[in-house]
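Quick note, the sequences are listed as chains W and P, same order.
Just so you know, we're using my numbering here: the first sequence kicks off at 4 and counts up by one.
Just so you know, we're using my numbering here: the second sequence kicks off at 264 and counts up by one.
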Amino acid sequence: MVRSTILSGSIWIAASTVALPCAAAAQTLQNFVVIGDGIATSLTGTPGDAARGRALVVERSSTCILCHNGPFPEQRFEGDLAPNLAGTGSRWSAGQLRLRLVDASRLNASTIMPSYYRVDGLDRVGAAWRGKPILSAEQIEDIVAYLVTLRE
Amino acid sequence: MKSIPAIIGAALLVTAGIVAPLLATEIPQGARRSGYSFTAPETQAIQNDDTANPGMLSVLDGASLWKDKAGALSKACADCHHDAGVSMRGVAARYPAFDQALGRPVNLEQRINLCRVRNQQATPLAYESHELLALTAFVAEQSRGVAIETGADPQLEPFITKGRDLFMHRQGQLNLGCTNCHDDNWDKHLAGSAITQGQPTGYPLYRLEWQSLGSLERRLRSCMAGVRAQPYDYGAPELVELELYLMSRARGMPIETPAVRP
């Protein structure tokens, strides 16, 4: 039997069945204030960890590289539905990136980028995911800390 | 990039009176492509060669089930329908179809089970069971190469509209609609895999990832799970309506059951 060289479906399914690192489970959302096109202050009150942020961005369960590609030479499968993440830190401030992750639809109502820190306004969310944001406040801060280091 | 031909395609569809209103993002008639054309040459080679295509094993099983007597009436499909090569040619190209008794569309699997219950007095076969997939694949294979014409029956119109609405509707924790991938991004990649147009031309089909034959509903449910939505149950009206919309969206494209996909 010829084996599939592209693990297409498995990746797609894996993204849906792998449990999130559990910080996102059953928590309430932190309050945040949107000013202009950003959220100026950390959701957790402390800075994130860029190394953990990189690990998260390339992890299937965070879903980023389903759509994005970037400076991740070790990754075999990256998407091309969205801009390359290289140079992100030269284009956007931490505050702008934070809002982009929290709720990109506030910046572009028709975007396909999911809102990572939102639980309302969603339909038929699967039981395993219901009432939880895709990422926790800590995870978002880690990813923001990483993205600002991506300079060209 | 797609907008000008899309508007022309939309205009053609509107003139044909199929569905309205249409978004500019819908795939123009001339640009429609089977999932086959997105797969690697080695996958296409398996589909092209009946002796290598694992889906053909199920078709053969279906051919023998076709002749098996079943149920309280001890009747086989063949006792009523005789030679499937004649009686079943073109049938799959018209499904889902309107069932007068139920007053709503049924897909091919449901039609086979309705025949079991009504005409054989047998128990319905379970969704995704080997027997139901084999019989469905056998019936659909009789339509290989036949152009899809699902949706010609005007009674189906409100159900096509519902299916289309669901296709356009965002769902799940990732908040994506089918249209976001299969109308707007079918020339791109989700992680490593090509995003196809989501054409329903090859079902039931053999997926190398599944290592088995699977129905269109199984595929739709995995796309729903992919966006972290609660998939509808097998046989749910919503899935049949989605199937109906997909088939009417694919009108004119040839049936290729049993197809092979990665």
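We treat Cβ as the ideally placed atom computed from N, Cα and C, and that holds for glycine.
Proximity test, Cβ basis, 7 Å: residue i and chain P
i, result
"V128 of chain W", "yes"
"L102 of chain W", "no"
"T31 of chain W", "no"
"L125 of chain W", "yes"
"L59 of chain W", "no"
"L110 of chain W", "no"
"L153 of chain W", "no"
"L88 of chain W", "no"
Beta carbon proximity, residue i to chain W, threshold 7 Å
i, result
"K425 of chain P", "no"
"Q434 of chain P", "yes"
"Q307 of chain P", "no"
"N448 of chain P", "yes"
"A492 of chain P", "yes"
"N443 of chain P", "yes"
"H452 of chain P", "yes"
For residue i, the residue or residues it bridges with in DSSP
i, result
"Q142 of chain W", "Answer is none; Q142 of chain W lacks a bridge partner."
"A360 of chain P", "P:V369"
"Y469 of chain P", "P:L476 and P:V523"
"L439 of chain P", "P:Q434"
"R407 of chain P", "P:I518"
"I38 of chain W", "W:G41"
"L453 of chain P", "P:S456"
"H333 of chain P", "With the sequence shown as reference, residue 333 of chain P is identified as Ala, and His is not the correct amino acid for it. Beta-bridge pairing links A333 of chain P to P:K338."
"A492 of chain P", "W:V128"
Where residue i meets chain P, residues with beta-carbon distance less than 8 Å
i, result
"T66 of chain W", "L437"
"P117 of chain W", "Q436, L437, N438 and L439"
"W132 of chain W", "G435, Q436 and R491"
Status (buried if at least 16 other CB within 10 Å, exposed otherwise) for residue i
i, result
"I38 of chain W", "exposed"
"D447 of chain P", "buried"
"A85 of chain W", "buried"
"T302 of chain P", "buried"
"V380 of chain P", "exposed"
"D145 of chain W", "buried"
"A26 of chain W", "Residue placement at A26 of chain W is poorly supported in this model, since its pLDDT is 43, which falls under 50; the coordinates still yield a value, given next. So A26 of chain W ends up on the exposed side."
"Q363 of chain P", "exposed"
"C340 of chain P", "buried"
"A294 of chain P", "exposed"
"P291 of chain P", "buried"
Contacts that residue i makes with chain W (C-beta to C-beta distance below 9 Å)
i, result
"R484 of chain P", "Under the 9 Å cutoff, chain W gives no residues; its nearest Cβ is about 11 Å from R484 of chain P."
Contacts of residue i in chain P (Cβ-Cβ under 7 Å)
i, result
"I137 of chain W", "Q436"
"L69 of chain W", "L453 and A454"
Worksheet entry | Continuous alpha helix (DSSP H) assignments of at least 4 residues falling wholly in the segment 80-129 of chain W | 91-94 and 97-106
Worksheet entry | Completely contained alpha helix (DSSP H) runs for the segment 289-322 of chain P, where each covers 4 or more residues | 304-311
Worksheet entry | Any alpha helix (DSSP H) of 4 or more consecutive residues that is wholly inside the segment 47-84 of chain W | 53-60 and 67-70
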